[in-house]
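Asks: Before we start, here is the structure in question, set down as structure tokens.
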Amino acid sequence: MARDLSAYREVAVESFNDGGTVRVRPVVGQAYHPLLRVQCARAFVTDYPVGTRFLVQAKLTDRLGGPPFLYVYHGDPITVLNDAQTKRFLAEFRRGRI
1 MARDLSAYRE VAVESFNDGG TVRVRPVVGQ AYHPLLRVQC ARAFVTDYPV GTRFLVQAKL
61 TDRLGGPPFL YVYHGDPITV LNDAQTKRFL AEFRRGRI
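Written out as structure tokens, the structure reads:
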């Protein structure tokens, strides 16, 4: 079955240390709460230092009625954002909100 690309949105995410475990969360300033979990490829937490920001295509989903989370397809390319790119992306997001 093909992936429904219309369900995916650009989201800026960052890795962070959650009590000894490195996890990924949405960057503050978007439609998604920063406590929302992100399921993505292991490379996001193993190949990059903690605090690295990424631009991903993600969709909001849940697993059999469980808590919602953002899903990032593991085969998508990894795009690293620097501080200036992150600020520019968040500014465009705010400008595009209704």
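Number 75 in full-length UniProt numbering belongs to position 75 of the sequence shown; there are no gaps in the numbering.
Cβ atoms here follow ideal geometry from the backbone N, Cα and C, with glycine treated the same way.
These numbers come from a predicted model, not from an experiment.
1. What are the residues that DSSP puts in a beta bridge with residue 15?
2. Give the secondary structure of residue 61 by DSSP, where H, G and I count as helix, E and B as strand, and everything else as coil.
3. Whole-angstrom Cβ separation of residue 8 and residue 43, contact assumed at under 8 Å?
4. Where does residue 81 fall in DSSP's three states?
5. Under the assumption that residue 70 contacts residue 12 (Cβ atoms under 8 Å), give the Cβ distance between them as a whole number of angstroms.
6. Given the structure, does residue 55 come close to the ligand COA, in the sense that its CB is under 6 Å from one of the ligand's heavy atoms?
7. In three-state DSSP terms, what is residue 70?
Replies: Inspection of the coordinates gives the following:
1. Note: residue 15 sits in a beta bridge opposite 24.
2. strand
3. 19 Å between Cβ atoms; not a contact.
4. strand
5. 11 Å between Cβ atoms; not a contact.
6. You won't find the ligand COA in this model; it holds no ligand whatsoever.
7. Shown here, residue 70 sits in a strand according to DSSP, grouped into three states.
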